[in-house]
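K.L.:
These protein sequences, in sequence, are chains A and B.
Heads up, the first sequence is in the numbering used here, so the first residue is 117 and it goes up one at a time.
Heads up, the second sequence is in the numbering used here, so the first residue is 21 and it goes up one at a time.
After the structure tokens below, expect a handful of questions from me.
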Amino acid sequence: MAKLILSMDNLVLKEIALNKERTTIGRKPSNDIQIDNLAVSGEHAAIVTILNDSFLEDLGSTNGTFVNGNMVKKHFLQNNDVIELGKYKLKYISEQPSQAAGGNYEKTVVIHPKPGFKTGEGILHNLQAAEQLQPRPVDTIPDAATAAKLAAEAKSVEQRPIAAEAKPAAEMRPATEMRPASEMKPVAEVKPAAEVKPVAEMKPAAEVKQATEMKPAAETKPTVETKPAAEMKPGTGLKPAAEPRFKPSELKPAVEVKPVAEAKPAAEDKLKPSEPKPAMATMQQRPSVTAEVKSARLGAIQILTGPSAGKELDLTKSLTTLGKPGVQVAVITRRPQGYFITHVEGATFPLVNGKALDAQAHPLNDHDIIELGGIKMEFFYKAA
Amino acid sequence: MSAFEREFMDLSKALEITTATDPGMVRSHNEDSIAVDATSGYVILADGMGGYNAGEVASGIATAMLGTSLKQILEDAEPGKIERESGETLAVKILREQIAGANASIYQAAKSQPQYAGMGTTLVIGLFYDKHLSVAHLGDSRLYRLRQDEFKQITRDHSLLQEQIDSGMITQEMARFSLNRNLVTRALGIDPEVEPEIHTYEVEVGDVYLLCSDGLSDMVEDDEIQLTLASLQANLPLASQQLVQLANDNGGRDNISVILVRILRHLPAGADWIGRLSSWFRLARV
């Protein structure tokens, strides 16, 4: 079960188990975690926990909720995330079920889709893995319907029907596809917290802009959202305005897109993600795959003969095909151990250093000469 | 049925099917099970779950029962025929009935044998007939299609994570960090009744279909799967090996199973004589 460790000035105050579907944090005594400090709003934040995943939600607090130094509206908590409210810190620890269950945690188990399911029939409690996955009594497992309801609740607590938030997160665009700033409502969020009015009273963007423009420059630093997406650099550009007196950006990209960009290894070619956050890097769960498993050293081939002689081709992808489809094709695969060449199609097999391949994958060594369809090429490792 | 008739129902000339299954790098057992038959035109993949070897038993029962019964039924049936009362094709009806039968068998076995208590299996079945593919699935085993440059996931997982994605709670990109993987909301053999999701699609010559267990789709990005299929589609056995290898190179945390199906030519129609005749002319032209 996941837990929070509450501390102030590096002094651990207490540990709180996240054993409820919804754990509230705030100054008022009605909260599950009460923090009696003026910097903390009466109802400051909430954590929704669904089985092994926990989601932090700012409830419109005056001074904002920070995770690892970034202001968040809604955040999918990862192991070792540090939540900050004023001077207080809450460290999120999700106990890796892998250790507890001896590696069985990844086994697939069934949760019942229908509410009102009777435990006596027996799905979960019979499964050893499931017990570790699910510390709560079986009948409280959020079934699919509950999960959806929770999601709906999670949305409704925000009480801010801003377009970007109201959209299901799945539809949110990645940073690179973000609309140009002109379409967004960039400036409204820059107002100091004291001035923030309920949404219904919010001024049209144009007016607000005027209002903010009148303020001293120091207070009206444009948030990054005002830049067109094309100018944004992941990691730097996506950092939200950090001044605690400002309302967090309502247009989620600043906060939410950042982890997305980092989490997507597929995007590495396109946008060079910034250094992954430590929280991500230490995650043992299914680390993002492709990035780290390819051969560490980059290989390339250079064409030696034929019309394209001299041309060089970096072997960056997990596989690169060579040759003419329908005639003769070979594939070079990039693996953790290095590069391999395999015959794909055609009556003749490629030669490596003058020797014909068989149907098996053949490891490539630095400066091997490949001959394919009458063209010679050299495989080599690029200098690091 | 005469040998002459059977010849026209033989889909093996229209379908190229290859399979690969591997326990992966971590698990000692392979709880996945597959069954394919190019002649009858079915492909079945099941990913079992349950303690000890119960997962293997469940997925094994599923593929063995469904394989045997489909083969038998398809010898005399016209899967493309529209059922009058329901308006659905016979293929859909066959799939629903046979899945219900396999479900009951696994459920009964799990109830009567304490060591199999709680066992179940995911399932994805593809039935090819008469220019169509009917797909039934339960759980998080998937079917993908590569059609020219477009690579698409056809089935939608029955899983908690998919529900969370659908409800907007978590983005597709963040889903990879979820600890709520492997929680399926539908499976075969868990309850006395089961409701498979069944859809029918048109197939085109040149399509490549991939059926896989989550051991592949959790370990290898869709982009990489697409690149592999697109690059190696001339050599399907190599493509299936490469997919398994990719999953293992990425950690191979679960059993990996892959079925690849390529549509070589139009699927002959069923046993009605007009269909046979037209397919005979089609075949004669080729």
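The beta carbon of each residue, even a glycine, is placed where N, CA and C say it ideally should be.
Where does the unbroken beta strand (DSSP E) through GLN265 of chain B begin, and where does it stop?
P.N.:
Residue numbering aside, residue 265 of chain B sits at position 245 when the second sequence is read from its first letter. Here GLN265 of chain B belongs to no beta strand (DSSP E); instead the alpha helix (DSSP H) covers 256 to 269.
K.L.:
For a contact defined as C-beta to C-beta under 7 Å, what are the partners of MET85 of chain B on chain A?
P.N.:
Numbered from its first residue, the second sequence carries residue 85 of chain B at position 65. Residues of chain A passing the Cβ test: none, with the nearest at roughly 19 Å.
K.L.:
What does ILE81 of chain B touch in chain A if you count any residue whose Cβ is under 9 Å from its own?
P.N.:
Along the second sequence, one-based indexing puts residue 81 of chain B at 61. Result: empty, since nearest Cβ-Cβ is about 16 Å, beyond 9 Å.
K.L.:
What does SER434 of chain A reach in chain B if we use C-beta pairs closer than 8 Å?
P.N.:
Counted from its first residue, the first sequence places residue 434 of chain A at position 318. Residues of chain B passing the Cβ test: GLU244, LEU247, THR248, LEU266.
K.L.:
What does DSSP give as the partner residues of GLN342 of chain B in its beta bridges?
P.N.:
An answer regarding residue 342 of chain B cannot be provided, because it is not within the stretch 21 to 306 covered by chain B.
K.L.:
Going by beta-carbon coordinates alone, are LEU158 of chain B and LEU208 of chain B separated by less than 8 Å?
P.N.:
Counting from one through the second sequence, the residue named residue 158 of chain B turns up at place 138. Counting from one through the second sequence, the residue named residue 208 of chain B turns up at place 188. A contact, by the Cβ cut-off of 8 Å.
K.L.:
Start and end of the beta strand (DSSP E) containing LYS492 of chain A?
P.N.:
Position 376 of the first sequence, counted from the start, is the residue given in the question as residue 492 of chain A. Segment 491 to 497, the beta strand (DSSP E) holding LYS492 of chain A.
K.L.:
Can you find the residues in the same chain that come closer than 6 Å, C-beta to C-beta, to ALA34 of chain B, ignoring five residues on each side of it along the sequence?
P.N.:
In the second sequence, counting from the first residue as 1, residue 34 of chain B sits at position 14. Excluding residues within five positions, the ones whose Cβ falls inside 6 Å are LEU284, ARG285, LEU287.
K.L.:
Are the segment 101 to 120 of chain B and the segment 165 to 184 of chain B in contact at 8 Å, needing three or more beta carbon pairs?
P.N.:
The segment 101 to 120 of chain B vs the segment 165 to 184 of chain B: no contact.
K.L.:
Check for me: the beta strand (DSSP E) holding GLU200 of chain A runs from which residue to which?
P.N.:
Position 84 of the first sequence, counting from 1, holds the residue named residue 200 of chain A. Segment 198 to 201, the beta strand (DSSP E) holding GLU200 of chain A.
K.L.:
So which of B:ALA58, B:ARG165, B:LYS113, B:ILE126 has the shortest CA-CA distance to ILE81 of chain B?
P.N.:
Residue numbering aside, residue 81 of chain B sits at position 61 when the second sequence is read from its first letter. Among B:ALA58, B:ARG165, B:LYS113, B:ILE126, the Cα nearest to that of ILE81 of chain B belongs to B:ILE126.
K.L.:
In this structure, what does DSSP give as the bridge partners for ILE185 of chain B?
P.N.:
Looking up residue 185 of chain B in the second sequence gives position 165. In the DSSP output, where bridge partners are listed per residue, ILE185 of chain B has none listed.
K.L.:
Which residues in chain A have a C-beta closer than 8 Å to the C-beta of VAL204 of chain B? List them in chain order.
P.N.:
Indexing the second sequence from 1 puts residue 204 of chain B at position 184. Those are THR224, VAL225, VAL226, ILE227, listed as they occur along chain A.
K.L.:
Locate the beta strand (DSSP E) running through VAL46 of chain B, then write down its first and last residues.
P.N.:
As a working note, residue 46 of chain B is residue 26 in the second sequence. That residue, VAL46 of chain B, is in no beta strand (DSSP E); it is neither H nor E in DSSP.
K.L.:
Buried or exposed: which applies to HIS160 of chain A, given that a residue is buried once 16 or more other Cβ atoms fall within 10 Å of its Cβ?
P.N.:
Translated into the one-based positions of the first sequence, residue 160 of chain A becomes position 44. The residue is buried, with at least 16 neighbouring Cβ atoms inside 10 Å.
K.L.:
Tell me which residues of the segment 141 to 168 of chain B have at least one Cβ-Cβ distance to chain A shorter than 8 Å, keeping chain order.
P.N.:
Going along the segment 141 to 168 of chain B in chain order, one finds THR142, GLY159, ASP160 with a Cβ nearer than 8 Å to chain A.
K.L.:
Give, in chain order, every residue of the segment 434 to 451 of chain A whose Cβ lies closer than 9 Å to some Cβ of chain B.
P.N.:
Answer in chain order: SER434, LEU435, THR436, THR437, PRO441, GLY442, VAL445, VAL447, THR449, ARG451.
K.L.:
Quick check: GLY121 of chain B and ILE210 of chain B, are their CB atoms within less than 8 Å of each other?
P.N.:
Here residue 121 of chain B refers to the residue found at position 101 when the second sequence is read from its first residue. Here residue 210 of chain B refers to the residue found at position 190 when the second sequence is read from its first residue. Their beta carbons are not under 8 Å apart, which means GLY121 of chain B does not touch ILE210 of chain B by this criterion.
K.L.:
Going by other Cβ atoms of all chains shown within 10 Å of its Cβ, with 16 needed for buried, is LYS427 of chain A buried or exposed?
P.N.:
Position 311 of the first sequence, counting from 1, holds the residue named residue 427 of chain A. Burial call: exposed.
K.L.:
Is THR464 of chain A close to chain B, meaning its C-beta is less than 8 Å from at least one C-beta of that chain?
P.N.:
For the purposes of this step, residue 464 of chain A is identified with residue 348 of the first sequence, where counting begins at 1. It does not; no Cβ of chain B falls within 8 Å.
K.L.:
Taking the alpha-carbon positions, what's the LYS190 of chain A to GLU183 of chain B distance?
P.N.:
Translated into positions along the first sequence, residue 190 of chain A becomes position 74. Translated into positions along the second sequence, residue 183 of chain B becomes position 163. In a straight line, the C-alpha of LYS190 of chain A is about 18 Å away from that of GLU183 of chain B.
K.L.:
According to a CB-to-CB cut-off of less than 8 Å, which residues of the segment 182 to 196 of chain B neighbour chain D?
P.N.:
No chain D appears in this structure, whose protein chains are A and B.
K.L.:
Quick check on the burial criterion: 16 or more other C-beta atoms within 10 angstroms. Buried or exposed for THR421 of chain A?
P.N.:
By one-based count along the first sequence, residue 421 of chain A stands at place 305. So THR421 of chain A ends up on the exposed side.
K.L.:
Taking ALA40 of chain B as the reference, which of B:VAL225, B:ILE218, B:LEU263 has the closest Cα?
P.N.:
As a position in the second sequence, residue 40 of chain B is number 20, starting the count at 1. It is B:LEU263.
K.L.:
Which residue wins for smallest C-alpha separation from THR458 of chain A, given the options A:ARG451, A:VAL447, A:THR464, A:ASN481?
P.N.:
Reading the first sequence from its first residue, position 342 is the one you call residue 458 of chain A. THR458 of chain A has its Cα closest to that of A:VAL447, out of A:ARG451, A:VAL447, A:THR464, A:ASN481.
K.L.:
Per DSSP, which residues does LEU143 of chain B bridge with? Please list them.
P.N.:
Here residue 143 of chain B refers to the residue found at position 123 of the second sequence. DSSP output for LEU143 of chain B lists B:ALA66, B:LEU158 as bridge partner(s).
K.L.:
Evaluate contact between the segment 200 to 214 of chain A and the segment 118 to 129 of chain A, counting only Cβ atoms and requiring at least three cross-stretch pairs below 8 Å.
P.N.:
Result yes; three or more Cβ-Cβ pairs closer than 8 Å.
K.L.:
Could you tell me the alpha carbon to alpha carbon distance between GLU105 of chain B and LYS113 of chain B, rounded to whole angstroms?
P.N.:
Start at 1 with the first residue of the second sequence, and residue 105 of chain B comes out as number 85. Start at 1 with the first residue of the second sequence, and residue 113 of chain B comes out as number 93. C-alpha separation (whole angstroms): 11 Å.
K.L.:
For VAL198 of chain A and chain B, any beta-carbon pair shorter than 8 Å?
P.N.:
Position 82 of the first sequence holds residue 198 of chain A. No, its Cβ sits nowhere closer than 8 Å to a Cβ of chain B.
K.L.:
So is HIS49 of chain B buried or exposed if we call it buried at 16+ other beta carbons inside 10 Å?
P.N.:
Position 29 of the second sequence, counting from 1, holds the residue named residue 49 of chain B. Answer is exposed; the Cβ neighbour count stays below 16.
K.L.:
Could you pull the DSSP bridge partners for PHE171 of chain A from this structure?
P.N.:
Taking the first sequence and counting its residues from 1, one reaches residue 171 of chain A at position 55. In the DSSP output, where bridge partners are listed per residue, PHE171 of chain A has A:VAL164, A:PHE192.
K.L.:
Mind checking if ASP177 of chain B is an interface residue toward chain A, Cβ cutoff 8 Å exclusive?
P.N.:
Here the question's residue 177 of chain B lines up with position 157 in the second sequence. It does not; no Cβ of chain A falls within 8 Å.
K.L.:
Using a Cβ cut-off of 8 Å (strictly closer), state whether GLU461 of chain A contacts chain B.
P.N.:
Start at 1 with the first residue of the first sequence, and residue 461 of chain A comes out as number 345. So, interface residue.
K.L.:
Between VAL281 of chain B and HIS152 of chain B, what straight-line distance do the alpha-carbon atoms span, to the nearest angstrom?
P.N.:
One-based indexing of the second sequence puts residue 281 of chain B at position 261. One-based indexing of the second sequence puts residue 152 of chain B at position 132. Distance between the alpha carbons of VAL281 of chain B and HIS152 of chain B: 13 Å.
K.L.:
Identify whether MET85 of chain B lies in helix, strand or coil by the three-state DSSP scheme.
P.N.:
Here residue 85 of chain B refers to the residue found at position 65 of the second sequence. Reduced to three states, the DSSP call for MET85 of chain B is helix.
K.L.:
What are the residues of the segment 57 to 73 of chain B that lie near chain A, defined by any Cβ-Cβ distance shorter than 8 Å?
P.N.:
Per Cβ criterion, the list reads ASP67, MET69, GLY70, GLY71.
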